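In case it helps, UniProt numbering puts the sequence shown at residues 1 to 610.
Data first, discussion second: the structure below is written as structure tokens.
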Amino acid sequence: MCGIVAAVAQRDCAEILIEGLRRLEYRGYDSAGITVVERAGEMCRHRQVGKVEMLASALAAAPLHGGTGIAHTRWATHGEPSEANAHPHHSSHIAVVHNGIIENHEQLREELQAKGYHFVSQTDTEVIAHLIADLHPQSDSLTQAVQQAVARLQGAYGMVVLDAKNPDEIVVARSGSPIVIGLGLGENFVASDQLALLPVTRRFIYLEEGDIATINRRDITIYDQQGAVITRDEVEASGQTDSADKGGFRHYMEKEIHEQPEAVANTLAGRLDANHIGLDTLSPDAKKALLAAEHIQIIACGTSYNAGLVARYWFESIAGVSCDVEIASEFRYRDFVVRPNSLLITLSQSGETADTLAALRLAKAKGYMAALSICNVPGSSLVRESDMHLMTRAGAEIGVASTKAFTTQLALLLLLVTLVARDKARLSPAQEQQLVEQLHRLPELLKQVLAIAPQITALAPDFADKHHALFLGRGEFYPIAVEAALKLKEISYIHAEAYAAGELKHGPLALVDSDMPVIVIAPNNELLEKLKSNIEEVRARGGQLYVFANESAGFVSDEGMTVVTLPDCDAMLAPLVYTLPMQLLAYDVALIKGTDVDQPRNLAKSVTVE
Numbered sequence: 001m002c003g004i005v006a007a008v009a010q011r012d013c014a015e016i017l018i019e020g021l022r023r024l025e026y027r028g029y030d031s032a033g034i035t036v037v038e039r040a041g042e043m044c045r046h047r048q049v050g051k052v053e054m055l056a057s058a059l060a061a062a063p064l065h066g067g068t069g070i071a072h073t074r075w076a077t078h079g080e081p082s083e084a085n086a087h088p089h090h091s092s093h094i095a096v097v098h099n100g101i102i103e104n105h106e107q108l109r110e111e112l113q114a115k116g117y118h119f120v121s122q123t124d125t126e127v128i129a130h131l132i133a134d135l136h137p138q139s140d141s142l143t144q145a146v147q148q149a150v151a152r153l154q155g156a157y158g159m160v161v162l163d164a165k166n167p168d169e170i171v172v173a174r175s176g177s178p179i180v181i182g183l184g185l186g187e188n189f190v191a192s193d194q195l196a197l198l199p200v201t202r203r204f205i206y207l208e209e210g211d212i213a214t215i216n217r218r219d220i221t222i223y224d225q226q227g228a229v230i231t232r233d234e235v236e237a238s239g240q241t242d243s244a245d246k247g248g249f250r251h252y253m254e255k256e257i258h259e260q261p262e263a264v265a266n267t268l269a270g271r272l273d274a275n276h277i278g279l280d281t282l283s284p285d286a287k288k289a290l291l292a293a294e295h296i297q298i299i300a301c302g303t304s305y306n307a308g309l310v311a312r313y314w315f316e317s318i319a320g321v322s323c324d325v326e327i328a329s330e331f332r333y334r335d336f337v338v339r340p341n342s343l344l345i346t347l348s349q350s351g352e353t354a355d356t357l358a359a360l361r362l363a364k365a366k367g368y369m370a371a372l373s374i375c376n377v378p379g380s381s382l383v384r385e386s387d388m389h390l391m392t393r394a395g396a397e398i399g400v401a402s403t404k405a406f407t408t409q410l411a412l413l414l415l416l417v418t419l420v421a422r423d424k425a426r427l428s429p430a431q432e433q434q435l436v437e438q439l440h441r442l443p444e445l446l447k448q449v450l451a452i453a454p455q456i457t458a459l460a461p462d463f464a465d466k467h468h469a470l471f472l473g474r475g476e477f478y479p480i481a482v483e484a485a486l487k488l489k490e491i492s493y494i495h496a497e498a499y500a501a502g503e504l505k506h507g508p509l510a511l512v513d514s515d516m517p518v519i520v521i522a523p524n525n526e527l528l529e530k531l532k533s534n535i536e537e538v539r540a541r542g543g544q545l546y547v548f549a550n551e552s553a554g555f556v557s558d559e560g561m562t563v564v565t566l567p568d569c570d571a572m573l574a575p576l577v578y579t580l581p582m583q584l585l586a587y588d589v590a591l592i593k594g595t596d597v598d599q600p601r602n603l604a605k606s607v608t609v610e
């Protein structure tokens with residue numbers, strides 16, 4: 001969601017901060033701002049509604065010179081997008097940028113207004129600036145003032161604070177919203193995502209929950225929740241983390257769709273040999289917990305939740321282990337019963353999804369035997385706080401609408417299910433070898449699917465004037481239909497719903513007419529004949545059908561039904577294979593609609609607040 005970049009440098013930092021904001025644009029935002037302490041000790045600020053480039057233009061017209069500064073991209077929560085509501089927020093000589101939500105801001109606002117503080121924005125963040133400004137005169141340092149302030153804050157925050165009277169340091173605090181420190185030579189940096197800092201450093205320190213850090217050009221002092229000085233590990237980023245250019249594609253989303261054969265190959269690399277599946281990155285204790293599990297509880301949000309729904313079919317049908325899947329924001333706010341010997345699996349692309357993290361912390365306190373995270377970002381909060389983890393290795397995903405993160409999660413979940421099935425003697429050596437052979441073919445199979453992209457592009461004009469669409473699937477392809485509907489609505493703004501096809505007669509048929517495109521995922525499996533009956537129900541009511549099926553399914557295009565033929569594949573791999581054309585369809589329709597594909601309205605890449 002919101003993005004933070006800050007610097008305490010030995011050079012002018014404004015351009016560094018602006019470049020950092022550019023690299024965080026994928027997170028979603030509606031305004032941007034920057035404050036720099038200039039050499040004369042004056043705190044100067046630019047804020048703009050709209051894109052970072054508008055802020056860059058303002059900076060070019062009136063440059064800021066100084067080595068200490070903070071910058072921010074805002075995704076509106078309290079107050080509309082406006083210059084007054086954009087960060088940074090100032091109070092006297094204090095400036096603050098903040099990600100998260102302060103839940104008791106109204107009470108604090110009333111107290112501060114009673115003391116004479118004047119508010120110029122509708123935001124909860126301005127409360128933080130005035131509160132620190134109020135506490136600072138009675139404190140020994142800015143750090144102590146921040147410590148006293150956060151003790152009064154309820155909610156989530158990742159924040160950076162600077163004091164124009166002491167421009168050689170900044171103070172950062174983290175509770176529920178990620179903060180990373182970038183280590184330079186004679187200078188240091190802060191961001192909400194390491195991607196923002198890759199042009200200036202590859203060395204990072206991730207703050208933990210409740211940490212506060214004082215940062216100057218040469219030193220970093222970190223305090224834990226109790227105020228004790230503590231050391232956090234330094235991590236070096238790999239060269240694969242940086243993926244900031246489009247590589248000749250029109251959008252990041254298009255690039256990331258076409259990266260999926262390579263991304264899935266990276267997920268599988270080192271985890272398959274000629275005959276067997278192995279997850280050697282798991283410790284012996286982790287494997288023991290995994291194989292001892294009698295129940296799986298999956299928690300996730302959004303696209304990751306849909307991956308979990310597919311995995312439920314796999315865990316139960318292939319491995320014979322019961323599995324529940326729940327949206328994290330629902331799981332954390334209900335009274336749930338932990339089944340005996342239950343393993344918790346959390347799924348997240350970023351590893352910083354607020355509801356998933358909160359659900360993990362709650363579940364660990366409730367007595368799950370172990371917590372396994374499947375994630376794309378090493379060093380993320382979810383990875384650090386889980387008992388064990390598996391990395392998807394998808395590479396940086398910039399487009400807000402997730403693509404390769406979804407398919408790499410599915411690939412890794414399939415490996416996990418197969419490992420459990422083998423241990424429980426549900427999968428014979430011959431069956432495992434057959435699956436391994438198919439998995440080795442999977443990247444090439446995905447390339448074959450991408451080769452039919454022109455056929456899918458040709459369908460997009462049919463959706464140009466549509467406002468609604470219906471997706472149908474059965475079995476494990478129902479969650480693929482759910483994911484397909486999500487993609488279409490995210491980037492084309494067409495209202496789309498997905499149903500298990502057998503539910504048509506229980507209500508959705510009322511929606512079907514000649515103006516309602518119905519997209520059917522129809523692989524040749526044991527449910528195909530039943531699915532054909534559902535298709536006939538749609539045809540009888542004049543619905544316009546788009547059927548995605550392999551050649552052996554026996555469909556032929558005719559009036560009212562367009563068939564897109566996909567390559568034959570192993571049934572266990574089919575959910576991945578049928579995902580790609582759904583992504584391509586959503587992308588092509590969004591192009592026809594003229595929407596902002598990579599940064600769709602109202603959405604953010606990483607949802608770090610509830």
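Glycine included, each C-beta is placed from N, C-alpha and C at the ideal position.
Everything numeric in this text was worked out from a predicted model, so none of it was measured.
| Item | Value |
| --- | --- |
| 9 Å Cβ cutoff met for residue 611 and LEU24 | As displayed, the chain neither begins before 1 nor continues past 610, which places residue 611 out of reach and without an answer. |
| Residue from GLU476, VAL5 and ASN376 whose Cα sits closest to the Cα of TYR578 | GLU476 |
| Inter-residue spacing [alpha-carbon to alpha-carbon] between TYR587 and VAL547 | 18 Å |
| Spatial distance of ALA451 from MET582 (CA atoms) | 14 Å |
| The ligand MN heavy atom lying under 8 Å from the CB of THR392 | This structure lacks the ligand MN; in fact it carries no ligand of any kind. |
| Completely contained beta strand (DSSP E) runs for the stretch 454-509, where each covers 3 or more residues | 468-473 and 495-500 |
| Separation of ASP134 from VAL146, as counted between CA atoms | 11 Å |
| Contact set for ALA571: own chain, Cβ-Cβ below 8 Å, skip 5 residues either direction | PRO523 and ASN525 |
| For THR562, the residue or residues it bridges with in DSSP | TYR546 |
| Per DSSP, cross-strand counterpart(s) of ASP163 | ILE94 |
| Option nearest ALA411 by Cα separation, candidates PRO575, LEU528, ASP219 and SER552 | PRO575 |
| With 16 other Cβ atoms within 10 Å as the buried cut-off, status of GLU169 | buried |
| Touching by the beta-carbon criterion (3+ pairs, under 8 Å), the stretch 283-294 and the stretch 439-448 | no |
| Cut-off 7 Å between Cβ atoms - residues of its own chain near GLN349, not counting five sequence neighbours on either side | SER304, ASN376, GLU397, SER402 and ALA405 |
| Nearest-angstrom Cα separation, counted from ALA71 out to ILE18 | 8 Å |
| Element boundaries [beta strand (DSSP E), containing VAL417] | It is not in any beta strand (DSSP E) - VAL417 instead sits in the alpha helix (DSSP H) that spans 404-423. |
| Opening and closing residue of the alpha helix (DSSP H) in which SER304 lies | 302-314 |
| Straight-line Cα distance separating THR407 from VAL597 | 19 Å |
| Sequence-distant residues of the same chain with beta carbon closer than 6 Å to ASP242, five excluded per side | For ASP242, the predicted model reports a pLDDT of 49, less than 50, meaning its position is unreliable; a value from the coordinates is still stated below. Cβ neighbours of ASP242 beyond the five flanking positions: LEU198. |
| Closest residue to LEU21 among LEU382, LEU291 and ALA56 (Cα-Cα distance) | ALA56 |
| Rounded C-alpha distance that separates GLN194 from VAL383 | 15 Å |
| Reduced DSSP category for ASN266 - H, G, I as helix; E, B as strand; rest coil | helix |
| Same chain, Cβ closer than 6 Å to GLN260, neighbours up to 5 away in sequence not counted | LYS404, THR407 and LEU446 |
| Secondary structure of ALA196, DSSP reduced to three states | helix |
| Assumed close pair VAL127, ALA6 - CB separation to whole angstroms, cut-off 8 Å | That pair is no contact at about 20 Å. |
| Where ALA370 falls, given that 16 or more other Cβ within 10 Å makes a residue buried | buried |
| Limits of the unbroken alpha helix (DSSP H) element including GLY20 | 14-22 |
| Whether ILE521 touches LEU585 by CB criterion (9 Å) | no |
| Reduced DSSP category for PHE249 - H, G, I as helix; E, B as strand; rest coil | coil |
| Nearest candidate by alpha-carbon position, reference GLY342, set LEU357, ILE327, VAL321 and TYR333 | According to the sequence provided, residue 342 is Ser. The question's Gly does not apply to it. Closest by alpha carbon: VAL321. |
| Contact check, ASP206 vs SER380, beta carbons under 9 Å | In the sequence as displayed, the identity of residue 206 is Tyr instead of Asp. Result yes, Cβ atoms of TYR206 and SER380 sit closer than 9 Å. |
| CA-to-CA distance, SER82 to ALA58, given in whole angstroms | 16 Å |
| Spatial neighbours of PHE555 in its chain, beta-carbon cut-off 6 Å, leaving aside the 5 residues before and after | VAL547, ALA549 and VAL563 |
| Sequence-distant residues of its chain with Cβ nearer than 8 Å to GLN154 (five each side left out) | ILE102, GLU103 and ASN104 |
| CB contact flag (ALA421, ILE318, <9 Å) | yes |
| Rounded separation between ASN602 and LYS364 - CA only | 32 Å |
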